[in-house]
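Visitor: Start counting the sequence shown at 1; every next residue gets the next number (UniProt numbering). Where a beta carbon is used, it is the ideal one built from N, C-alpha and C, also for glycine.
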Amino acid sequence: MMINNSSKVGVGLLLALLLMTGCTDRISIAESEMQKIRSQGPQAIEPPPEPLHIEDFAYAAQSEPSPFVAKSLRERQQVREQAPSVKPDENRTKEPLESYELTELTYRGKVTAPNGQEFGLVQTPDGMVHDVQKNNYLGKNHGRIAEITATQINLIEIVKDVDEQYVEKTTPLVSPN
Numbered sequence: 001m002m003i004n005n006s007s008k009v010g011v012g013l014l015l016a017l018l019l020m021t022g023c024t025d026r027i028s029i030a031e032s033e034m035q036k037i038r039s040q041g042p043q044a045i046e047p048p049p050e051p052l053h054i055e056d057f058a059y060a061a062q063s064e065p066s067p068f069v070a071k072s073l074r075e076r077q078q079v080r081e082q083a084p085s086v087k088p089d090e091n092r093t094k095e096p097l098e099s100y101e102l103t104e105l106t107y108r109g110k111v112t113a114p115n116g117q118e119f120g121l122v123q124t125p126d127g128m129v130h131d132v133q134k135n136n137y138l139g140k141n142h143g144r145i146a147e148i149t150a151t152q153i154n155l156i157e158i159v160k161d162v163d164e165q166y167v168e169k170t171t172p173l174v175s176p177n
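1. So if DSSP puts residue 250 in a beta bridge, which residue, or which two residues, is it bridged to?
2. What residues are listed by DSSP as bridge partners for residue 143?
3. Residue 163: which of 73, 100, 111 sits nearest, CA to CA?
4. Please state whether the Cβ-Cβ distance between residue 142 and residue 88 is less than 8 Å.
5. Which whole runs of the beta strand (DSSP E) in the stretch 61-91 are 3 residues long or more, in chain order?
6. Taking the alpha-carbon positions, what's the residue 122 to residue 77 distance?
7. Note the first and the last residue of the continuous beta strand (DSSP E) segment covering residue 154.
8. Between the stretch 37-55 and the stretch 124-139, are three or more C-beta pairs nearer than 8 Å?
9. Just the Cα atoms here: how many angstroms apart are residue 25 and residue 42?
Here's what the structure looks like:
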């Protein structure tokens, strides 16, 4: 069975007419509904419902921890509040070895004077060796010498933590030997 082109066109036209009649029925239904609504005229609008009266709430948990702050942050804040405030003394006269980073300095050893006083020997990048003692300062982080041993100098530096607060940090300057 062979269908020629004129038959195909006829079938296409028939389908198009059927589809259009479905559209015209919907359009005519919508138009008739709109006409009914227009003919009814304005209708009364119901008043809105009366709002419910809600009593005022008195928040009485001011002394309780905030639910919006993590427990670990609250604990860290409590520790910080209880700890003594640490700040570098910006008015103190800087010592010569404070102009170097600790990584630029080399600890060369310990010397004990005849009177028992201990000195550490620190070499700068230019080859100069300086003698230091307990409570002298080294490095750019306000590092105060707390202890001098045969193999290292232990410093207490004042640095900023992640919260931009000053804290004390123990840092060694170790002999390369």
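Guide: Result, derived from the coordinates:
1. Absent from the structure is residue 250, since the part of the chain shown begins at 1 and ends at 177.
2. 138
3. 73
4. yes
5. none
6. 38 Å
7. 152-160
8. no
9. 28 Å
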